[in-house]
Amino acid sequence: MNPLAIEIWLYVFAAYVLVSVTMFVVARFSPYEWNNPHPCHSGPTEIVENQFSLANSFWFTIGTLMQQGSDLNPKAASTRIVGGIWWFFTLIIISSYTANLAAFLTVERM
1 MNPLAIEIWL YVFAAYVLVS VTMFVVARFS PYEWNNPHPC HSGPTEIVEN QFSLANSFWF
61 TIGTLMQQGS DLNPKAASTR IVGGIWWFFT LIIISSYTAN LAAFLTVERM
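The opening position of the sequence shown corresponds to residue 1 in UniProt numbering, with each subsequent residue numbered one higher.
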């Protein structure tokens, strides 16, 4: 298959969107992803935040897709598992794509 085929890019984009939404949903359901950003402020109601908003989930996923990482670190086991599976998937995809592209360019020159 041609390494620059549109199907490959569409499948990678679909996987990117699916994993980003999955990371967002899993982080929302996990109690370990919620924390108080200002623990010194005491009041009648404690404000808790989740670092994995929809935009941050997309940012985390694209950071791992580009093998650069991000400043977001999953805290819960469930989000770490999703992130680890996504990281391993991107490692395999990038390695396969690089090898296929090198073979494709070598055959074109002969």
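Backbone N, C-alpha and C define an ideal beta-carbon position, used for all residues, glycine too.
Given the structure is predicted, the values throughout are model-derived calculations rather than measurements.
Per-residue DSSP class, three states only, for residue i
i	result
Asn100	helix
Arg105	Residue identity differs from the one stated: residue 105 is Leu in this sequence, not Arg. Three-state result, Leu105: helix.
Ser95	helix
Ala76	coil
Gly83	helix
Span of the alpha helix (DSSP H), counted from its first residue to its last, around residue i
i	result
Leu10	6 to 29
Phe58	54 to 65
Residues that residue i bridges to, as DSSP identifies them
i	result
Glu49	Asn35
Does the count of Cβ pairs from the segment 84 to 94 and the segment 44 to 57 closer than 8 Å reach three?
Using a C-beta cut-off of 8 Å, the segment 84 to 94 makes no contact with the segment 44 to 57, since fewer than three inter-stretch Cβ pairs fall below that distance.
Are three or more beta carbon pairs between the segment 55 to 65 and the segment 17 to 25 nearer than 8 Å?
Yes, they touch.
Count the CB pairs spanning the segment 69 to 81 and the segment 91 to 105 that are closer than 8 Å, and state whether there are at least three.
As far as the Cβ criterion goes, the segment 69 to 81 does not touch the segment 91 to 105, which means the pair count is below three.
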